[in-house]
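Here's the structure we're looking at; comments come further down.
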């Protein structure tokens, strides 16, 4: 699942964290329909 890969990339790639945060998670956080799904997935990891 792409969400799993994005979370893994965010956690494991320290150098890329600022870019991932700005380009991906900032936009995902603005979509209320996705926010609950993403937060649930984070909690399960």
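Residue numbers (our numbering): 778 to 822. A virtual CB, placed ideally from N, CA and C, is assigned to each residue, including glycine.
I'd like the span of the alpha helix (DSSP H) that includes residue i, first residue to last.
{"i": "residue 820", "result": "809-821"}
{"i": "residue 792", "result": "Note, residue 792: premise wrong, no alpha helix (DSSP H); not H, not E."}
Suppose the cutoff is 7 Å on Cβ atoms and the five residues either side in sequence are ignored; what does the same chain contact list for residue i look like?
{"i": "residue 780", "result": "815, 818"}
{"i": "residue 794", "result": "787"}
My guess is that residue i and residue j are in contact by the Cβ rule of under 8 Å, so how many angstroms apart are they, rounded?
{"i": "residue 801", "j": "residue 783", "result": "6 Å"}
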